[in-house]
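See below for the structure under consideration.
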Amino acid sequence: MIRSADIALEAKGVVRRYSLGKGLWFGGGGRFVQAVAGVDLAVKRGETLAIVGESGCGKSTLARMLLRLEAPDEGEVWFDGADIGKLSERQMRPLRRKLQIVFQDPFASLNPRMTLGEIVEEPLRVHGLGNAAARRQRVREMLELVGLGSARLDRYPHEFSGGQRQRIGIARALVAGPEIVVGDEPVSALDVSVQAQVINLLQELKAKLGLTLVVITHDLGVVRHMADRVGVMYLGRMVELGPTDTIFAEPRHPYTQALLAAVPKPDPRQRGQGRLLEGDLPSPANPPPGCRFHTRCPHVADRCRSVEPVLEDDRADHATACHRWREVGVRTPVVEAAPSAARRRRDALWLAARRRQEAAVAASSQAEGRHQP
Ligand code: ADP
Ligand code: MG
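In the numbering used here, the protein residues as written are 1 to 373.
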């Protein structure tokens with residue numbers, strides 16, 4: 001069990017539906033897509049949590065609800081003692097500073113008419129942090145941190161490369177001192193050659209600034225490299241959740257096993273052991289009854305077709321939503337468990353950094369004689 005004091009952000013039973021078709025007369029016939037179909041998820045303070053799953057399984061929708069970029073149709077999202085799913089935009093405003101997102105596409109997410117300086121400064125203005133000089137100073141510091149210390153502030157986004165733009169996006173997300181940052185496929189639009197640099201930067205900043213990080217990705221290499229825990233989604237549901245090392249070494253859900261089996265393996269003796277998934281992802285507008293994965297599961301049994309399994313936590317914080325995982329057993333351990341000494345060091349750094357970051361933000365707003373929002 002995760003102690004509640006350790007939880008930074010928690011979704012409880014969140015559901016998000018989108019109406020199908022915007023027909024004025026027929027209202028889409030009342031049909032809808034259930035993009036997120038009842039997810040419970042506690043994000044621990046200071047962790048890096050990865051969310052994986054095929055395209056269309058609801059990862060981005062879940063992320064938007066975690067940050068209250070949209071409200072859930074059902075369920076709750078708890079942050080800072082409030083169910084933020086039910087706050088008004090006005091009530092939400094002071095909390096926005098603490099919840100930030102880094103988008104996938106650094107080309108679409110930066111305003112092409114704003115200069116580098118304006119882009120990074122904007123969150124400080126919006127939240128009334130610091131005076132003009134203090135804001136300038138903070139922008140400079142942030143650019144330094146993301147490796148753009150020598151960039152001219154009067155440049156426009158198109159004058160930067162993809163990797164540089166993503167660094168700008170990161171600087172903007174971090175400038176107002178957030179507690180939680182969600183990266184929605186933060187490197188998948190970038191050249192492979194710069195992906196690792198940006199991932200390393202995110203990790204480094206996470207430790208330095210004491211952030212809690214949620215990373216959405218379909219790249220299991222990224223997960224392995226940076227996540228403390230990983231949640232696996234399938235068709236709007238969380239099907240497995242646990243420590244990264246455990247999930248990679250002992251995946252329980254047949255879907256997780258299939259995902260891991262599809263990863264190219266460096267060792268030829270391990271190749272070809274995995275079973276690949278057959279069939280397409282069913283439509284979230286018409287999910288299969290029972291276990292949503294049963295139409296593609298190599299271990300399907302009768303009850304899987306009618307009874308939906310719940311996400312069941314064991315005592316080691318490894319949760320699985322499968323009727324049969326005990327019978328099926330562990331398959332396809334992919335790579336050896338990663339050493340976690342580095343992870344422990346990062347955690348210790350995190351706490352100290354979190355305190356420094358809070359003090360810096362408090363100081364910069366007090367310098368302006370304003371209350372911290
Ligand atoms: P992922 O990020 O895992 O690829 P998304 O959360 O983007 O998945 O989408 C989940 C499902 O919800 C998909 O079927 C997608 O088509 C649908 N969806 C997402 N956003 C909207 C929207 N604004 N309107 C209608 N359907 C949406
Ligand atoms: Mg997405």
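Glycine is no exception: its CB is placed at the ideal position from the N, C-alpha and C atoms.
Values in this document were obtained by computation on a predicted structure and should not be read as measured data.
query: From Arg252 to Gln203, what distance separates their C-alpha atoms?; result: 28 Å
query: Between the Cα of Arg292 and those of Leu235, Gly162, Leu213 and Val146, spot the shortest distance and give me the residue it belongs to.; result: Leu235
query: What distance in whole Å lies between the Cβ atoms of Val33 and Pro72, which are believed to be in contact at a cut-off of 8 Å?; result: So it is not a contact: roughly 14 Å between Cβ atoms.
query: Here's a check: name, in chain order, each residue in its chain whose Cβ is nearer than 7 Å to the Cβ of Pro288, leaving out the five neighbours to either side.; result: Pro282, His294 and Thr295
query: Short of 8 Å in beta carbon distance, which residues of its chain neighbour Met65, apart from the five on each side in sequence? Order them along the chain.; result: Ala11, Val14, Arg16, Val36, Ala71, Pro72, Val77 and Gly85
query: According to the neighbour-count rule (16 or more other Cβ atoms, all chains shown, within 10 Å of its Cβ), is Ala363 buried or exposed?; result: exposed
query: Taking Arg237 as the reference, give the member of Ala319, Ser19, Asp80 and Val222 with the closest Cα.; result: Ala319
query: For Glu185, which of Glu54, Pro112, Ser88 and Lys206 has the nearest alpha-carbon?; result: Glu54
query: Please check the pair Gly290 and Glu308, which I expect to be a contact at CB under 8 Å, by giving their CB distance rounded to whole angstroms.; result: 6 Å
query: I'd like to know whether the C-beta atoms of Thr196 and Val215 end up nearer to each other than 8 Å.; result: Before going on, a small fix: residue 196 reads as Ala here, not Thr. Not in contact: Ala196 and Val215 (Cβ atoms no closer than 8 Å).
query: Restricting to runs no shorter than 4 residues, where is the alpha helix (DSSP H) found entirely within the region 285-336?; result: 302-306 and 325-328
query: Quick one: Cα of Asp302 to Cα of Arg324, how far?; result: 11 Å
query: Give me the DSSP bridge partner(s) of Gln100.; result: Val181
query: Only counting the same chain, and skipping five residues up and downstream in sequence, which positions put a Cβ closer than 8 Å to that of Pro112?; result: Tyr156, Pro157 and His158
query: In the DSSP assignment, what residue or residues form a beta bridge with Tyr156?; result: BP columns for Tyr156 are empty, so no partner.
query: The alpha helix (DSSP H) with Met65 in it runs from where to where?; result: Lys59 to Leu66
query: Could you spell out where the beta strand (DSSP E) holding Arg229 opens and where it closes?; result: Arg229 to Tyr234
query: What is the DSSP secondary structure of Pro243, reduced to helix, strand or coil?; result: strand
query: Kindly indicate which residue of Phe107, Ala207, Cys322 and Lys59 has the alpha-carbon position closest to the one of Phe160.; result: Phe107
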